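Asker: Questions regarding the structure given below will be posed in turn.
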Amino acid sequence: MQFSELVEAVRNNPLDVTIGEDWGQGRASFGGLMAALQYEAMRARVSSERALRSLAVTFVGPAEPGVPIRFEVDVLREGKAVSQVLGRAVQNGQVVTLVQGSFGASSESVVSVEALPAPEMKTVDECPLLPYIKGITPEFMRHLSMGWAVGALPFTGKGTREMGGWVRLAGEVKDEALTETHLLALVDAWPPALLPLLSKPVAGSTLTWTIEFVQPLPAVSTREWCKYLAVIEHARDGYGHVAANLWGPGGELIAISRQTVTVFG
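Sequential numbering from 150 applies to the sequence shown in my numbering.
Written out as structure tokens, the structure reads:
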């Protein structure tokens, strides 16, 4: 199923959704997709006047492809301006993904600070595209396109603190406005920034993920390329702490991300 079809499945019935093996990431379903689908279920419970400000995601366990998932939602509090919402993706009676979201209406403020400019990168046409290779790259990579512009590829042993480039949805993509749902998949599409430091393949995954959105989102199409840059802030004892940003094609900041990553090797 295409990304848009899975989103529609959650909108129709969030308590019975099955993700196919083509969205696999090792033995689990792609984490960015899990967060995106859980967010869709949460979004339906909050007024559209309250924009998504942040999500805190914990990947409790692997969500197995091909097995039905329940995307459950609890509205914890509805304040005057902010709604706090908890989402749980449940499979086989066990929580596999836990998401806490903060939705807030805009208000007048004297504080206004512009984001720092986006970093300079090679254009997409100058970047090698990371291909989908069956049995080598994760299955979900058939649904996303990535142009590598900064840093080395995973498992080359030539990595630095920085890694990034360009990203968008791939395949027969419906031309529509880029939403927070799409952005969750785009930001998490990139492999952990620690992997280029390794000289051979090892298992690695995201443990926790916090992502914030700059509202209102700019007018960007799902067919356009966005710019991504991750920076390793610290890594030791099998855990890494990575900060990342995503910008629109015009250089406007869209999302701010932080991840705690585990590397087993």
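From the three backbone atoms N, C-alpha and C, an ideal C-beta is built for every residue, glycine too. Since this is a predicted model, take the numbers as computed values, not measurements.
Output needed for A190: all residues of its chain with C-beta closer than 8 angstroms, excluding positions within five of it in sequence on either side, in chain order.
Answerer: Contacts found: V159, P163, F220, E221, V222, G236.
Asker: For a test of the three-state rule: what should DSSP assign to M312, helix, strand or coil?
Answerer: Residue state, collapsed to three classes: strand.
Asker: Based on Cα-Cα distance, which residue from W297, R192, T207, S203 lies nearest to S251?
Answerer: Selected option, being the one with the closest Cα: S203.
Asker: Does the beta-carbon distance from T207 to L247 come in below 8 angstroms?
Answerer: Closer than 8 angstroms, so yes.
Asker: For V216, count neighbouring Cβ atoms within 10 angstroms of its own Cβ and tell me buried if that reaches 16, exposed if not.
Answerer: Flag for V216 reads exposed.
Asker: Measuring alpha carbon to alpha carbon, tell me which residue in G400, G399, S406 is nearest H390.
Answerer: Cα-wise, what sits closest to H390 is S406.
Asker: Could you give the uninterrupted runs of the beta strand (DSSP E) lying entirely in the segment 183-212, keeping only those of 3 residues or more?
Answerer: Qualifying beta strand (DSSP E) stretches, in chain order: 200-208.
Asker: Since V156 is in the beta strand (DSSP E), which residue starts that stretch and which ends it?
Answerer: Not the beta strand (DSSP E): V156 falls in the alpha helix (DSSP H), residues 152-161.
Asker: Once you ignore the five residues that flank V209 on each side, which residues in its own chain have a CB closer than 6 angstroms to its CB?
Answerer: For V209, where only same-chain residues beyond five positions count, the Cβ hits under 6 angstroms are V244, V245, L247.
Asker: Which of the three DSSP states is assigned to T330 in this structure?
Answerer: Helix at T330.
Asker: E361 bridges to which residues according to DSSP?
Answerer: E361 pairs with S203, I405.
Asker: Looking only at C-alpha atoms, which of T411, L278, L378, S258 sits nearest to P266?
Answerer: Here the closest residue by C-alpha is L378.
Asker: Would you please state the rounded distance, in angstroms, between the beta carbons of D171 and R291? I believe it to be under 8 angstroms.
Answerer: That pair is a contact at about 6 angstroms.
Asker: Which residue spans inside the segment 256-307 form an unbroken beta strand (DSSP E) run of at least 3?
Answerer: 293-299, all fully within the segment 256-307.
Asker: So, helix, strand or coil for W396, using DSSP?
Answerer: Note: W396 maps to strand in three-state DSSP.
Asker: Taking the beta strand (DSSP E) that E221 falls in, what are its first and last residues?
Answerer: 219-227 is the extent of the beta strand (DSSP E) around E221.
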